[in-house]
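Peer 1:
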Amino acid sequence: MAASMNKVILIGRLGQDPKLSYTQSGQAVANLRMATDEGYKDKSGQWVDKAEWHNVVAWGSQAEYVSNYLGKGALALVEGRLQTRKWQDKDGQDRYTTEIVANRIQGLERRGGEDRPQGAPQDRAPQERRGGGQQGRPAQRQQAQEPEEDLGPAFPSEASGMDDVPF
Numbered sequence: 039m040a041a042s043m044n045k046v047i048l049i050g051r052l053g054q055d056p057k058l059s060y061t062q063s064g065q066a067v068a069n070l071r072m073a074t075d076e077g078y079k080d081k082s083g084q085w086v087d088k089a090e091w092h093n094v095v096a097w098g099s100q101a102e103y104v105s106n107y108l109g110k111g112a113l114a115l116v117e118g119r120l121q122t123r124k125w126q127d128k129d130g131q132d133r134y135t136t137e138i139v140a141n142r143i144q145g146l147e148r149r150g151g152e153d154r155p156q157g158a159p160q161d162r163a164p165q166e167r168r169g170g171g172q173q174g175r176p177a178q179r180q181q182a183q184e185p186e187e188d189l190g191p192a193f194p195s196e197a198s199g200m201d202d203v204p205f
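Just so we're aligned, residue 39 is where the sequence shown starts under the working numbering, counting upward by one.
In structure tokens:
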């Protein structure tokens, strides 16, 4: 049998806040949508930006991490594998969903001086994002927000003036 590999590595931005839920056995699962982009010149020489959307699912501590610390617009690295699932819709028709099952997700942006990645909601504490404080206690709200640090363009297609860089 020939060797094979099923590995996906993406760097992109979240299109919406992750949706965290729990299985009947209590296992955390988060579903998120991630966009990657690329640019090219069409036949007429016009620059065209194209976004590709990816469905990502994370389990366990990775699911809780993305739910607590990453939000819509956050730049993140995802490593995992492709998986296609078969399911039936309400009319009994077979449907297929291809998604990335993540084994590693890492936020790539940070706010000035904070450990929290950029793009994380600032008005809700992690316990509140999961649906309430621990043991009925309300989560504390963050009082002050630090100004955002400009880290430059997130995607190569957003960069300008890079044509003459000697590497």
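Here a beta-carbon is modelled for each residue, glycine too, at the ideal position from N, C-alpha and C.
1) In whole angstroms, what is the alpha-carbon distance linking residue 140 and residue 131?
2) Hey, out of 123, 82, 129 and 89, whose CA is closest to residue 53's CA?
3) In whole angstroms, give me the CA-to-CA distance for residue 66 and residue 81.
4) Sort 73, 101, 128 and 134 by Cα distance to residue 58 and report the nearest one.
5) Would you report the Cα separation of residue 17 and residue 92, rounded to the nearest angstrom?
6) With burial defined as no fewer than 16 other Cβ atoms inside 10 Å of the residue's Cβ, what is the status of residue 106: buried or exposed?
7) What does the Cβ neighbour count give for residue 133, buried or exposed, with the cut at 16 atoms within 10 Å?
8) In chain order, what residues of the same chain have a beta carbon less than 6 Å from the beta carbon of residue 49, not counting five sequence neighbours either side?
9) Compute the beta-carbon to beta-carbon distance between residue 118 and residue 55, rounded to the nearest angstrom, for a pair I have assumed lies under 8 Å.
10) Could you tell me which residues DSSP puts in a beta bridge with residue 65?
11) Expressed to the nearest angstrom, what Euclidean distance is found between the alpha-carbon atoms of residue 70 and residue 95?
12) Since I believe residue 77 is in contact with residue 87 (beta carbons under 8 Å), could you give me their beta-carbon distance rounded to a whole number of angstroms?
13) Could you give the residue range of the beta strand (DSSP E) that holds residue 141?
Peer 2: Reading off the structure:
1) Within the sequence shown, numbered from 1, the residue matching residue 140 stands at position 102. Within the sequence shown, numbered from 1, the residue matching residue 131 stands at position 93. Their backbone Cα atoms lie some 28 Å apart in a straight line.
2) Here residue 53 refers to the residue found at position 15 when the sequence shown is read from its first residue. With distances taken between Cα atoms, residue 53 lies closest to 89.
3) Stepping through the sequence shown from its first residue, residue 66 is reached at position 28. Stepping through the sequence shown from its first residue, residue 81 is reached at position 43. Rounded to the nearest angstrom, the gap between the Cα atoms of residue 66 and residue 81 is 47 Å.
4) In the sequence shown, residue 58 corresponds to position 20, counting from 1. Ranking 73, 101, 128 and 134 by Cα distance to residue 58 puts 101 first.
5) No answer is possible for residue 17: it lies beyond the span of the chain, which begins at 39 and ends at 205.
6) Numbered from its first residue, the sequence shown carries residue 106 at position 68. Buried, since its Cβ has 16 or more Cβ neighbours within 10 Å.
7) Along the sequence shown, read from residue 1 onward, the residue named residue 133 stands at position 95. So residue 133 counts as exposed.
8) The residue you call residue 49 lines up with position 11 of the sequence shown. Cβ neighbours of residue 49 beyond the five flanking positions: 115.
9) Your numbering for residue 118 matches position 80 in the sequence shown. Your numbering for residue 55 matches position 17 in the sequence shown. Your pair residue 118 and residue 55 does not check out as a contact, with CB atoms roughly 20 Å apart and the cut at 8 Å.
10) What you label residue 65 is simply residue 27 of the sequence shown in a count that begins at 1. Looking at the DSSP assignment, residue 65 forms no beta bridge with any residue, so it has no partner.
11) Here the question's residue 70 lines up with position 32 in the sequence shown. Here the question's residue 95 lines up with position 57 in the sequence shown. So the two alpha carbons sit approximately 6 Å from each other.
12) Sequence index remark: in the sequence shown, residue 87 carries index 49 (1-based). Sequence index remark: in the sequence shown, residue 77 carries index 39 (1-based). Confirmed, about 5 Å.
13) The residue you call residue 141 lines up with position 103 of the sequence shown. Its beta strand (DSSP E) spans residues 132 to 145.
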